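The structure appears right after this line, and notes come after that.
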Amino acid sequence: MDAYQNLHVPSYIRDDNLSEECKNLISSLPKDKDLMGITLCNYKGFWYYPNTLQAILDVEKNFRPRDTDIIVASFPKSGTTWLKALVFALVQRGKYRANPKGHPLLHENPHDLVPFVDIDLYYNGQIPDLTKFPNHSLFGTHMPMSLLLETVKGVSCKIVYICRNMKDVMVSNWRFRGMLHHKDMHGDTLDAMFDSYRRGVHFYGPFWDNVLGYWKQSLENPKQVLFMRYEEIKENPKAQLKRLAEFLGCPFSEEEEESGTMDEILELCSLRNLRDLEANRHGKKTRFDADCSVFFRKGEAGDWKNHLTHDMGRELDEIVKEKLQGSGLKF
Ligand code: A3P
121 MDAYQNLHVP
131 SYIRDDNLSE
141 ECKNLISSLP
151 KDKDLMGITL
161 CNYKGFWYYP
171 NTLQAILDVE
181 KNFRPRDTDI
191 IVASFPKSGT
201 TWLKALVFAL
211 VQRGKYRANP
221 KGHPLLHENP
231 HDLVPFVDID
241 LYYNGQIPDL
251 TKFPNHSLFG
261 THMPMSLLLE
271 TVKGVSCKIV
281 YICRNMKDVM
291 VSNWRFRGML
301 HHKDMHGDTL
311 DAMFDSYRRG
321 VHFYGPFWDN
331 VLGYWKQSLE
341 NPKQVLFMRY
351 EEIKENPKAQ
361 LKRLAEFLGC
371 PFSEEEEESG
381 TMDEILELCS
391 LRNLRDLEAN
401 RHGKKTRFDA
411 DCSVFFRKGE
421 AGDWKNHLTH
431 DMGRELDEIV
441 KEKLQGSGLK
451 F
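Using this note's numbering, the first residue of the sequence shown is number 121, and each one after it goes up by one.
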């Protein structure tokens, strides 16, 4: 495949691990190319790389979470790693009090502690036996709400979604792709990325439909779906952590509030702390064919200004505003 030549392409982005059923399906789906010229196909309104679509089909058929499970959902590059760490630290907070040095977040990447349903568990034709998973399991996903909704029908598991300004998401993704492909990214790939976001043709996108699905569900079913924003957590981390804990049914006690438990969790999950840990500096994330370090970069709100022109930013803002019109959701 031409697009792969001279390019390091992680397996979830490829198209070499497909069942006959998936191949047949893909032959009938709308297709497009991403910024590197790699094929994306549109299934039920969202864009996927073929090997990931295979996993999505398996998830649709087989994934049934339990009432006690928690799903961390996001659009890629919106703060998934951070939210996974925060949720893990919150629900496990009693367990490691006596032995803080043994905390799994100090030794493992958050994506290993909270695996993606789509890109980890059901990847490569695997059908995991979820009955063997502990109650209160944590799962991650980038799947749109519309697909997830089918799998959680009748199940009261909690779903927490994180979103982020699309301009920062786009720039973060552009940088991420450079790291994934071991490639210096120049202006041509940034222009191609810009075009893909403008058109809504990007992995798990369109961005606005992914975000809107969770937004609407959070309004309709606020006990099941919590909608969070990267920028709000950065701006007011304690208030957002408290909100998250309350939603998950594990609110902070007065004693915890007074003894600084929230500060401890926020420090443990901070970008600076996670990025500098051995596991995240030198560990590997096999599914991504990548170093764990690729998940930690600047972590700033507004970094897009260092890469996009004012006009590019305005154009993306206008598109998002139009797409979200009438929903009550604003960026
Ligand atoms: P930047 O590329 O803008 O730095 P995701 O986890 O969804 O892949 O998102 C990655 C983005 O979240 C990256 O943004 C990364 O630096 C940032 N990030 C990762 N861990 C973080 C943390 N603990 N706190 C804040 N931001 C974090």
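Glycine residues also receive a C-beta, built at the ideal position from the N, C-alpha and C atoms. Since the model is a prediction, treat every value here as computed from it, not as a measurement.
- Closest by C-alpha distance to M265, when choosing among V280, P254, L258, E435: What you label residue 265 is simply residue 145 of the sequence shown in a count that begins at 1. The candidate whose alpha carbon is nearest that of M265 is V280.
- Item | Separation of A218 from R417, as counted between CA atoms | For this step, residue 417 is matched to residue 297 along the sequence shown. For this step, residue 218 is matched to residue 98 along the sequence shown. Rounded to the nearest angstrom, the two C-alpha atoms are 32 Å apart.
- Task: Measure the C-alpha to C-alpha separation of G200 and V237 and round it to an integer number of angstroms.
- Result: To locate residue 200, count along the sequence shown from 1; it is residue 80. To locate residue 237, count along the sequence shown from 1; it is residue 117. Going by the sequence as given, residue 200 is Thr instead of Gly. Straight-line Cα distance between these residues: approximately 13 Å.
- Query: What does a CB cutoff of less than 6 Å around Q174 pick up in its chain, not counting 5 residues either side in sequence?
  - Reply: Translated into positions along the sequence shown, residue 174 becomes position 54. Here the set comprises L138, C142.
- What does a CB cutoff of less than 7 Å around V345 pick up in its chain, not counting 5 residues either side in sequence? On the sequence shown, position 225 is the one that residue 345 refers to. I279, Y281, Y334, Q337, S338.
- Task: Could you please give the first and the last residue of the uninterrupted beta strand (DSSP E) stretch that includes S194?
- Result: The count along the sequence shown starts at 1 and reaches residue 194 at position 74. First-last of the beta strand (DSSP E) with S194: 190–194.
- Task: Would you mind sorting M121 into buried or exposed? The rule is 16 or more other CB atoms within 10 Å of its CB.
- Result: Taking the sequence shown and counting its residues from 1, the one referred to as residue 121 is at position 1. Unreliable positioning characterises M121 in this predicted model, as indicated by a pLDDT of 49, which lies under 50. A coordinate reading is not provided.
- Message: I'd like the list of long-range same chain contacts for H256, defined as Cβ closer than 8 Å, with 5 residues on each side in sequence excluded.
- Response: Counting from 1 along the sequence shown, the entry for residue 256 is found at position 136. Answer for H256: T188, D189, I190, V211, listed in chain order.
- Exposed or buried, which one is H400 when buried takes at least 16 other CB atoms within 10 Å? One-based indexing of the sequence shown puts residue 400 at position 280. In the sequence as displayed, the identity of residue 400 is Asn instead of His. When all chains shown are included, N400 counts as buried.
- Supposed contact pair L267 and I176 - C-beta distance, whole angstroms, cut 8 Å: In the sequence shown, counting from the first residue as 1, residue 176 sits at position 56. In the sequence shown, counting from the first residue as 1, residue 267 sits at position 147. Confirmed, about 7 Å.
- If you check the beta carbons only, do R284 and S390 fall under 9 Å apart? In the sequence shown, counting from the first residue as 1, residue 284 sits at position 164. In the sequence shown, counting from the first residue as 1, residue 390 sits at position 270. Contact flag unset, no.
- Message: Can you look up D329 in the DSSP assignment and give me helix, strand or coil?
- Response: Looking up residue 329 in the sequence shown gives position 209. Residue state, collapsed to three classes: helix.
- Item | Cut-off 7 Å between Cβ atoms - residues of its own chain near G419, not counting five sequence neighbours on either side | Position 299 of the sequence shown, counting from 1, holds the residue named residue 419. L391, listed in sequence order.
- Message: Taking the beta carbon of I239 as the centre, do at least 16 other beta carbons fall within 10 Å, making it buried, or is it exposed?
- Response: Counted from its first residue, the sequence shown places residue 239 at position 119. It counts as buried.
- Query: Less than 8 Å between the CB of L391 and some heavy atom of ligand 1, yes or no?
  - Reply: For the purposes of this step, residue 391 is taken as residue 271 along the sequence shown, with counting starting at 1. Checking the Cβ of L391 against ligand 1 gives yes.
- Under the criterion of a Cβ to heavy atom distance below 8 Å, does P264 qualify as lining ligand 1? Here the question's residue 264 lines up with position 144 in the sequence shown. No, the Cβ of P264 stays beyond 8 Å of every heavy atom of ligand 1.
- Flag this pair as yes or no: are the beta carbons of L241 and F323 separated by less than 9 Å? Mapped onto the sequence shown, residue 241 falls at position 121. Mapped onto the sequence shown, residue 323 falls at position 203. Not a contact, by the Cβ cut-off of 9 Å.
- Message: Just to confirm the assignment: which complete beta strand (DSSP E) runs, minimum length 3, are found wholly within the stretch 341–415?
- Response: The qualifying runs are 345–349.
- Query: Nearest to A410 by CA position, among D136, W167, K303, is which residue?
  - Reply: Numbered from its first residue, the sequence shown carries residue 410 at position 290. The candidate whose alpha carbon is nearest that of A410 is K303.
- Can you list, in chain order, the residues of its chain whose CB lies under 7 Å from that of N162, leaving out five sequence neighbours each side? Here the question's residue 162 lines up with position 42 in the sequence shown. Answer for N162: L149, P150, listed in chain order.
- Task: Give a single yes or no on whether G333 has its beta carbon closer than 8 Å to a heavy atom of ligand 1.
- Result: To locate residue 333, count along the sequence shown from 1; it is residue 213. For ligand 1, not one heavy atom lies less than 8 Å from the Cβ of G333.
- Task: Using a Cβ cut-off of 9 Å (strictly closer), state whether Q125 contacts chain B.
- Result: Protein chain content of the structure displayed is limited to a single chain, and chain B is not contained in it.
- Between the Cα of I439 and those of S316, G165, R407, R186, spot the shortest distance and give me the residue it belongs to. Walking along the sequence shown from the start, residue 439 turns up at place 319. Checked all of S316, G165, R407, R186; the closest Cα to I439 is S316.
- Indicate the three-state DSSP secondary structure (helix, strand or coil) for G260 in the structure shown. Reading the sequence shown from its first residue, position 140 is the one you call residue 260. In the structure shown, G260 sits in a strand (DSSP, three-state: E or B).
- Where does C142 fall in DSSP's three states? One-based indexing of the sequence shown puts residue 142 at position 22. C142 falls in the helix class under three-state DSSP.
- Query: Under the criterion of a Cβ to heavy atom distance below 8 Å, does T406 qualify as lining ligand 1?
  - Reply: Translated into the one-based positions of the sequence shown, residue 406 becomes position 286. Checking every heavy atom of ligand 1 against the Cβ of T406, none is found closer than 8 Å.
- Task: Within the same chain, show all residues whose beta-carbon is closer than 6 Å to that of K181, passing over the 5 residues directly before and after it, in chain order.
- Result: For the purposes of this step, residue 181 is taken as residue 61 along the sequence shown, with counting starting at 1. Here the set comprises nothing.
- Message: Distance check for S276 and V414, CA to CA, integer angstroms please.
- Response: Here residue 414 is taken as the residue at index 294 of the sequence shown, counted from 1. Here residue 276 is taken as the residue at index 156 of the sequence shown, counted from 1. Each residue's alpha carbon lies about 34 Å from the other.
- Simplified DSSP state of T159, which is helix, strand or coil: Here the question's residue 159 lines up with position 39 in the sequence shown. Three-state result, T159: strand.
- Excluding the 5 residues preceding and the 5 following A421 in the sequence, name in chain order all residues of the same chain whose CB lies nearer than 6 Å to its CB. Within the sequence shown, residue 421 is the residue found at index 301, counting from 1. So the qualifying residues of the chain are E351, K354.
- Query: If you check the beta carbons only, do K204 and P230 fall under 9 Å apart?
  - Reply: Numbered from its first residue, the sequence shown carries residue 204 at position 84. Numbered from its first residue, the sequence shown carries residue 230 at position 110. In contact: K204 and P230 (Cβ atoms closer than 9 Å).
- Residue range of the beta strand (DSSP E) that L431 falls in? Within the sequence shown, the letter at position 311 stands for residue 431. Before going further, note that residue 431 is Asp rather than Leu in the sequence given. Where D431 is concerned, there is no enclosing beta strand (DSSP E), although the alpha helix (DSSP H) it sits in stretches over 430–444.
- Message: With a threshold of 8 Å (Cβ to nearest heavy atom), would S276 be considered close to ligand 1?
- Response: Locating residue 276 in the sequence shown gives position 156, where the first residue counts as 1. Not so, every heavy atom of ligand 1 lies at least 8 Å from the Cβ.
- Task: Would you mind stating whether P170 and R134 have Cβ atoms separated by less than 9 Å?
- Result: Locating residue 170 in the sequence shown gives position 50, where the first residue counts as 1. Locating residue 134 in the sequence shown gives position 14, where the first residue counts as 1. At the C-beta level, P170 and R134 come within 9 Å of one another.
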